[in-house]
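**Student:** This is the structure, below, for whatever I ask next.
Numbering (the working numbering), first residue to last: 164 to 501.
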């Protein structure tokens, strides 16, 4: 394979070092040697990290992995810059994946939640036609409002969903998951499902907005503005841990399994903001609370904290502590603004 430009010469030092953690994690990327891997959502935070991790593996270990990077916007070409000149990666812009049906792929990492019937059908046809090993990612919002009487949400839980409410995509994700499991049962396809909590890192697209806004406030040396009731516990995860977990699930030998992906410790927007104030005390930042019309109720659904016992059973446990992830993301954002 003729590599035109190596990743370490095209990304800033902090970003490259961060993505290198995924390449050098205990996930054996040699399992993908000589294979073609298709990644949807490649223009977003998690997809970018996974794509670049494969390219770095090619640079360092000559794994000869071919990546097909798919995104819904042609902004992906600007985002990847000179990486688009490499021979080990192809880029495709697609809304509904109809132009991928003749594409060959050994592995599919579907990071963009399938919330459209046409895109879901095309994705499953692609997987079925290629008999590809695949992981289908949903957001943790797929659970809806869970009332399980426990302090965490488990893979077997399902909650109330108001189809006309704030999360109209929940039902579509549930249907897509059911279709994926049907392919496993009827045709023996190697498909696993992941349910991803909020991901944070140093990229606006694909990073949970509330966390990215806080990080941006820190870099811009502005006071941090959050809602008064943003103290509700929820799961979040740093992007490198999320990327390693997705790869570990993809390589798992149990088709049809479902895994929550989250950090080991629950957090909240308030805790995230407090850490930022403490970690960057030299900036003399303050937390400013916005008014909000409603408050948390003791009758509220189970907090959005995901149980990761099944994920740990694969031999992986998210290792980036919240404060460490905040510092890493802040360094990358700061360096990118120089």
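In this text, a Cβ means the ideal position worked out from N, Cα and C, and glycines have one as well.
If the criterion is Cβ atoms closer than 8 Å, does the pair residue 231 and residue 201 meet it?
**Tutor:** Yes.
**Student:** Assess, as a yes-or-no matter, whether the stretch 309-328 is touched by the stretch 415-423 under the definition of 3 or more beta carbon pairs within less than 8 Å.
**Tutor:** Yes, the stretch 415-423 is in contact with the stretch 309-328.
**Student:** Can you tell which of 357, 434 and 399 has the C-alpha that lies nearest to the C-alpha of residue 418?
**Tutor:** The residue with the shortest Cα to Cα distance from residue 418 is 357.
**Student:** Using only the alpha-carbon positions, how far apart do residue 291 and residue 353 sit?
**Tutor:** Looking at the two C-alpha atoms, the distance is approximately 10 Å.
**Student:** Report the rounded CA-to-CA distance for residue 465 versus residue 309, giving the unit in angstroms.
**Tutor:** If I take the Cα positions, the gap works out to 5 Å.
**Student:** State the beta-bridge partners of residue 140 as determined by DSSP.
**Tutor:** In the structure displayed, the chain extends from 164 to 501; residue 140 sits before or after that span and is not available.
**Student:** Tell me which same chain residues have a C-beta within less than 6 Å of the C-beta of residue 412, skipping the five on either side of it?
**Tutor:** Hits under 6 Å: 298, 355, 357 and 422.
**Student:** Contact between the stretch 249-267 and the stretch 275-290 is defined here as three or more beta-carbon pairs at a separation below 8 Å; is this criterion met?
**Tutor:** The answer is yes - the stretch 275-290 touches the stretch 249-267, with three or more Cβ pairs under 8 Å.
**Student:** Give me, in chain order, the residues of the same chain whose beta-carbon lies closer than 6 Å to that of residue 393; leave out the 5 immediate sequence neighbours on both sides.
**Tutor:** 432 and 433.
**Student:** In terms of DSSP beta bridges, what is residue 430 paired with?
**Tutor:** The partner list for residue 430 (beta bridge, DSSP) reads 397.
**Student:** Does DSSP put residue 337 in a helix, in a strand, or in coil?
**Tutor:** Residue state, collapsed to three classes: helix.
**Student:** Are residue 481 and residue 429 closer than 8 Å when you measure CB to CB?
**Tutor:** Not in contact: residue 481 and residue 429 (Cβ atoms no closer than 8 Å).
**Student:** For residue 164 and residue 224, I'd like the C-alpha separation in whole angstroms.
**Tutor:** Reliability fails at residue 164, whose pLDDT of 43 lies under 50, so the model's placement of it is uncertain and the value that follows must be treated cautiously. Using only the alpha carbons, I get a separation of about 12 Å.
**Student:** Are residue 402 and residue 443 close, meaning C-beta to C-beta below 8 Å?
**Tutor:** Their beta carbons are not under 8 Å apart, which means residue 402 does not touch residue 443 by this criterion.
**Student:** Should residue 407 and residue 359 be called a contact, given that it needs their Cβ atoms to be closer than 8 Å?
**Tutor:** Cβ atoms of residue 407 and residue 359: not closer than 8 Å.
**Student:** Cα-Cα, which of 321, 439 and 349 is closest to residue 467?
**Tutor:** Of 321, 439 and 349, the residue nearest in Cα terms is 321.
**Student:** Check whether chain C comes within 8 Å of residue 435, counting only Cβ atoms and requiring the distance to be less than that.
**Tutor:** The structure shown contains no chain C; it holds only a single protein chain.
**Student:** Checking 8 Å against the spacing of the C-beta atoms, do residue 296 and residue 269 come in under that value?
**Tutor:** Yes; because the gap between Cβ atoms is below 8 Å, this pair is in contact.
**Student:** Taking its Cβ as the centre, do 16 or more other Cβ atoms sit within 10 Å of residue 190, making it buried, or is it exposed?
**Tutor:** The residue is buried, with at least 16 neighbouring Cβ atoms inside 10 Å.
**Student:** Excluding five sequence neighbours on each side, which residues of the same chain lie with their C-beta closer than 8 Å to the C-beta of residue 246?
**Tutor:** Cβ neighbours of residue 246 beyond the five flanking positions: 168, 170, 173, 215, 218 and 252.
**Student:** I want to know whether the stretch 324-344 touches the stretch 439-454 - three or more CB-CB distances under 8 Å.
**Tutor:** With a cut-off of 8 Å, the stretch 439-454 and the stretch 324-344 do not count as touching, because too few Cβ pairs lie within range.
**Student:** Using alpha carbons as the reference points, say which of 199, 235 and 305 lies closest to residue 340.
**Tutor:** Selected option, being the one with the closest Cα: 305.
**Student:** Output yes or no for whether 8 Å exceeds the beta carbon distance between residue 441 and residue 390.
**Tutor:** No, the pair does not count as a contact, with Cβ atoms beyond the cut-off.
**Student:** Hey, residue 483 and residue 371: beta-carbon distance below 8 Å or not?
**Tutor:** Cβ atoms of residue 483 and residue 371: not closer than 8 Å.
**Student:** Hey, quick one: how far does the alpha helix (DSSP H) through residue 305 stretch, first residue to last?
**Tutor:** Premise fails: residue 305 is in no alpha helix (DSSP H) and is neither H nor E.
**Student:** Taking only the alpha-carbon atoms, compute the straight-line gap between residue 199 and residue 486 and give it to the nearest angstrom.
**Tutor:** Spanning the two alpha carbons is a distance of roughly 36 Å.
**Student:** Assuming residue 498 and residue 175 make a contact with CB atoms under 8 Å, what is their CB distance in whole Å?
**Tutor:** Contact holds; Cβ gap of about 5 Å.
**Student:** Would you mind reading off the limits of the beta strand (DSSP E) that contains residue 203?
**Tutor:** Residues 199-203.
**Student:** Applying the 10 Å Cβ sphere with the 16-neighbour rule, what's the burial state of residue 479?
**Tutor:** Residue 479 should be labelled buried.
**Student:** In chain order, which alpha helix (DSSP H) runs of at least 4 residues are fully inside the stretch 200-279?
**Tutor:** Listed in chain order, the complete alpha helix (DSSP H) runs (minimum 4 residues) inside the stretch 200-279 are 208-224 and 238-243.
**Student:** Residue 194 and residue 474 look like a contact to me (Cβ under 8 Å); what is the Cβ gap, rounded to whole Å?
**Tutor:** About 18 Å separates the two Cβ atoms, so there is no contact after all.
**Student:** My output table needs one value for residue 297: the three-state DSSP class, helix, strand or coil.
**Tutor:** Note: residue 297 maps to strand in three-state DSSP.
**Student:** With distances taken from CA atoms, which of 241, 236, 242 and 294 is nearest residue 264?
**Tutor:** Residue 294 is the option with its Cα nearest to residue 264.
**Student:** Got a sec, what are the start and stop residues for the alpha helix (DSSP H) residue 381 sits in?
**Tutor:** Segment 372-382, the alpha helix (DSSP H) holding residue 381.
**Student:** Name the DSSP bridge partner or partners of residue 451?
**Tutor:** According to DSSP, residue 451 bridges with 388.
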